[in-house]
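To keep things clear, I will list the structure first and then write my remarks on it.
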Amino acid sequence: MVDATENDKPVLYSYWRSSCSWRVRIALNLKEIPYDIKAVSLIKGGGEQHCNEYREVNPMEQVPSLCIDGHTLVESLSIMHYLEETRPQRPLMPQNCLKRAKVREICEVISSGIQPLQNLIVLIYVGGEKKKEWSQHWITRGFRAVEKLLSTTAGKYCVGDEITLADCCLVPQVFNARRFHVDLRPFPIILRIDRELENHPAFRAAHPSSQPDCPPEIAK
Ligand SMILES: N[C@@H](CCC(=O)N[C@@H](CS)C(=O)NCC(=O)O)C(=O)O
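First residue of the sequence shown: 1, per full-length UniProt numbering; consecutive thereafter.
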């Protein structure tokens with residue numbers, strides 16, 4: 001496995017359609033940090049995330065992982081906060097303490113309350129016909145909470161008028177919702193923010209269809 005040493009370009013272990021990898025790709029792009037991608041296929045041969053070599057990188061057998069500054073970091077939120085603390089350019093957290101708490105609230109609802117319930121390993125366990133309904137149920141339930149939170153925090157973006165880590169989490173989760181054909185009409189604020197960001201260069205470059213491991217029939 002590639003191990004980054006200090007001063008090397010960071011290496012992101014990523015899967016094109018992984019929403020958690022996508023969060024980190026957005027943050028890296030927004031901060032204009034050049035990085036290399038090491039693709040980990042979550043489906044090939046039962047999933048490369050489960051191979052012994054990758055388990056050494058990420059004991060949860062999930063993407064993303066980031067090799068940076070001579071260290072390997074796992075967990076997308078933790079990685080994004082590390083980037084924020086070590087690369088203060090283009091801040092992704094507000095200065096104001098209450099607003100910071102609000103950003104973390106939205107990140108947590110998505111990263112703890114929605115994504116894990118529709119993650120691949122859970123869907124394999126749920127199995128067969130039930131997968132779609134299961135995912136729709138949990139995403140809809142979580143989005144009800146996100147929409148309510150956004151009703152008091154959103155400006156142009158999730159919290160006020162600056163892009164924050166909450167936006168890095170929201171956009172990939174909306175993509176997942178569409179994948180599972182969730183009815184998004186009850187969530188006008190989520191939809192408005194997603195539309196606002198869809199053509200932002202940092203978000204576009206991080207999009208699954210722009211990834212080197214995206215299957216050619218889907219890639220742009
Ligand atoms: N809490 C972790 C979750 C990571 C995660 O669930 N990654 C998914 C892709 S978005 C994954 O690797 N799934 C592989 C599997 O379920 O086997 C994070 O935020 O990094």
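Each residue gets a CB set at the ideal place from its N, CA and C atoms; glycine is no exception.
Asked	Found
Pick from Glu217, Pro216, Gln211 and Lys220: whose alpha carbon is nearest that of Ser19?	Gln211
Going by the beta-carbon positions, is the gap between Tyr54 and Asp213 smaller than 8 Å?	no
What does the Cβ neighbour count give for Asn58, buried or exposed, with the cut at 16 atoms within 10 Å?	buried
State the start and end residues of the unbroken beta strand (DSSP E) segment that holds Thr72.	His71 to Val74
Given Arg25, which residues of its chain have a CB within under 6 Å of its CB, disregarding the five upstream and five downstream residues?	Ala206
Cα-Cα, which of Phe175, Ala39, Asn29 and Thr152 is closest to Gln118?	Phe175
Starting from Leu12, trace the beta strand (DSSP E) in both directions and tell me its first and last residue.	Val11 to Ser14
Measuring alpha carbon to alpha carbon, tell me which residue in Asp8, Asn96, Leu98 and Asp167 is nearest Leu77.	Asp167
Which one of Pro216, Ile106 and Ser41 has the shortest CA to CA distance from Tyr157?	Ile106
Going along the chain, which residues of its own chain have a beta-carbon closer than 6 Å to the beta-carbon of Arg17, five neighbours each way excluded?	Pro208
What first and last residue would you give for the alpha helix (DSSP H) that runs through Cys67?	Not the alpha helix (DSSP H): Cys67 falls in the beta strand (DSSP E), residues Ser65 to Ile68.
Between Ser151, Glu217 and Ile68, which lies nearest to Pro34 when the distance is taken from Cα to Cα?	Ile68
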